[in-house]
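Participant: Before I ask anything, let me first share the structure, which is written out below as structure tokens.
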Amino acid sequence: NTNLENLYIQGNRINEFSISSFCTVVDVVNFSKLQVLRLDGNEIKRSAMPADAPLCLRLASLIEI
Numbered sequence: 688n689t690n691l692e693n694l695y696i697q698g699n700r701i702n703e704f705s706i707s708s709f710c711t712v713v714d715v716v717n718f719s720k721l722q723v724l725r726l727d728g729n730e731i732k733r734s735a736m737p738a739d740a741p742l743c744l745r746l747a748s749l750i751e752i
């Protein structure tokens, strides 16, 4: 959902991060309205963040991994 603003899914067994979960198309006019993304306590590493995450999640003030 591109209108989602806060997503708290910490403390699970998530082990991958797909930018397509938040942006079907990643460019300068299509981006997520997500402001808070909490993924801490999962099996994801910060290095697994896709390179285009900052473009898609440009409104996010908090991304916790």
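Each residue of the sequence shown is one higher than the one before, counting from 688 in the working numbering.
Think of the CB as a built atom: it goes at the ideal place given N, C-alpha and C, for glycine as much as any other residue.
Since the structure is predicted, the reported quantities are computational estimates derived from the model, not experimental observations.
#1: Does DSSP classify residue 725 as helix, strand or coil?
#2: Residue range of the beta strand (DSSP E) that residue 749 falls in?
#3: Just to confirm before moving on: does the CB-CB distance between residue 726 and residue 744 stay below 9 angstroms?
#4: Pick from 730, 748 and 705: whose alpha carbon is nearest that of residue 698?
#5: Would you kindly work out how many angstroms separate the C-alpha atoms of residue 750 and residue 723, rounded to a whole number?
Facilitator: The short version:
#1: strand
#2: 749-751
#3: no
#4: 730
#5: 6 angstroms
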